[in-house]
Structure formats: structure tokens, C-alpha cells
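Residue numbers (the working numbering): 531 to 710.
The beta carbon of each residue, even a glycine, is placed where N, CA and C say it ideally should be.
These numbers were taken from a predicted model, which means no experiment stands behind them.
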Amino acid sequence: MLKSAVKEAAQRLGIVVHRDKRSDANGHHYRTIVLDNPLAPWLDRRFAELYERAKTFTLVDAQRCYELWDVAGQLSHVPGDQLEVGVWRGGSGCVIAAASPVKRTFLCDTFAGVVKSGGRDSCYEGGEHSDTSVAHVNRCAAGLGLRNVEVVRGIFPDDHIEMFRDKAFSFVHIDVDVYQ
Ligand SMILES: C[S@@+](CC[C@H](N)C(=O)[O-])C[C@H]1O[C@@H](n2cnc3c(N)ncnc32)[C@H](O)[C@@H]1O
Numbered sequence: 531m532l533k534s535a536v537k538e539a540a541q542r543l544g545i546v547v548h549r550d551k552r553s554d555a556n557g558h559h560y561r562t563i564v565l566d567n568p569l570a571p572w573l574d575r576r577f578a579e580l581y582e583r584a585k586t587f588t589l590v591d592a593q594r595c596y597e598l599w600d601v602a603g604q605l606s607h608v609p610g611d612q613l614e615v616g617v618w619r620g621g622s623g624c625v626i627a628a629a630s631p632v633k634r635t636f637l638c639d640t641f642a643g644v645v646k647s648g649g650r651d652s653c654y655e656g657g658e659h660s661d662t663s664v665a666h667v668n669r670c671a672a673g674l675g676l677r678n679v680e681v682v683r684g685i686f687p688d689d690h691i692e693m694f695r696d697k698a699f700s701f702v703h704i705d706v707d708v709y710q
């Protein structure tokens, strides 16, 4: 109670108070990173409004989504479609689609969770992130007013060889979590 009151009071002054998480059960370390350069382009209105509508559909934070949006936008003059493999509920894929609204953007997922995990993967066993559906992705795309999104269900690349055989891509984001 007192802690959250202190936090809120500090926040009103523009100060963020939190405890650093040191490490998790897998031995991964966590630190708060304070950058010397305070430039925060993901807060610029055009992107911030987009991310606000996409954020409940993604596991990817604003900073990384901004990078995807910025780079995909810079490549919008390069011929080819866009592709994301590993879409979950569609957030980061729709951010990419929004960066180049005239390009077809294929969003591929098993919609049954992670596959092809193996000995080189420390965290994933298979089946994680299955709490999604094509309808989630379509809802995300509709919320952003996108008409260039094509949702593709299946295991990449095995199920897509024919579909993508003659396609060229200007931007591909692979976010499947496993080494293979
Ligand atoms: C971390 S999530 C993707 C997060 C997503 N980019 C977002 O915006 O939150 C990883 C996804 O990859 C999918 N996936 C893993 N391996 C795949 C494969 N070989 N083919 C298609 N989808 C795959 C899983 O089903 C899962 O939804």
C-alpha cells in the first residue's frame, strides 16, 4: 500500500521506482538499463498510437516493435512482400504491415505453439504460445485498419514451400523462439 503510494507519487514527478530482478530459475540475469542517450522515438505520436492498439496482441515490447516498424518502413521502396514467421496474436506482424500498408504482409504461425525445439533450446520444449488463433490476428489487423495482412497457418517452412516458391520478400521477421 505504502510502496504503491510512494511509486505513484514518484511517477507524478517523472521518477520511476522499481526493484531490479537479479536472475531467474534458468540463470538468466536481469538489470534495468539506463541509457545515456535518452532519445525515445517509440513515444513519437505516429508510432505510439499504432503500438497502443497493437500492444495487447504482442509479446514484443514497444522499443523492439519500433525497430521493426522503422526498418520495414525504410525498406518499403524495395520490391517484394513482407513476412513474419512466429506471429502469436499478431501484434508485431501487424506493426510491420502498418509500416508498409501497400505491401502484402504474410503472417505465419502454427497457431498450436512452438515446434522443432531441441537440445540447443534452453527454455522451450514445444507447444508454448498456443493461446492464440487466426481470429486474434484478424482482430488485431482490423483494429489497425489493415487490409494488407494475410494470415497463414502451418509449420514454417515445411508447409509453405509451394506457397512461397516464387515470392520475393523485402522484409522478413523470424520470431519462433527456437534454434532450428
Ligand atoms: C514468441 S511467439 C511470437 C511473438 C509475436 N511475434 C508477437 O508479436 O508477440 C513465437 C511464435 O512462433 C510460433 N512458431 C514457432 N515455430 C514455428 C514454425 N516453425 N512455424 C510457424 N510458427 C512457429 C509459435 O506458435 C508462437 O506463436
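> How many Å lie between P631 and C624 at the Cα?
Replying inline: In the sequence shown, counting from the first residue as 1, residue 631 sits at position 101. In the sequence shown, counting from the first residue as 1, residue 624 sits at position 94. Distance between the alpha carbons of P631 and C624 is about 10 Å.
>> Once the 5 residues before and after S652 are set aside, which same chain residues still bring their CB inside 8 Å of it?
In response: Locating residue 652 in the sequence shown gives position 122, counting from the first residue. So the list reads N556, once near-sequence residues are dropped.
> How about R619 and H666: are their beta carbons less than 7 Å apart?
Replying inline: Residue mapping note: residue 619 aligns to position 89 of the sequence shown, counting from 1. Residue mapping note: residue 666 aligns to position 136 of the sequence shown, counting from 1. Yes.
> In or out: R637 buried (at least 16 other Cβ within 10 Å) or exposed?
Replying inline: Working through the sequence shown from its first residue, we reach residue 637 at position 107. It should be noted that the sequence gives Leu, not Arg, for residue 637. It is buried - the Cβ of L637 has at least 16 other Cβ atoms within 10 Å.
>> Between the alpha carbons of D689 and V706, how many angstroms are there, rounded?
In response: For this step, residue 689 is matched to residue 159 along the sequence shown. For this step, residue 706 is matched to residue 176 along the sequence shown. Their backbone Cα atoms lie some 15 Å apart in a straight line.
> Does the separation of the CB atoms of A671 and V679 fall below 7 Å?
Replying inline: Against the sequence shown, residue 671 aligns to sequence position 141. Against the sequence shown, residue 679 aligns to sequence position 149. Yes, these two residues count as a Cβ contact at 7 Å.
> Roughly how many angstroms separate the alpha carbons of G684 and T640, rounded to a whole number?
Replying inline: Mapped onto the sequence shown, residue 684 falls at position 154. Mapped onto the sequence shown, residue 640 falls at position 110. In a straight line, the C-alpha of G684 is about 4 Å away from that of T640.
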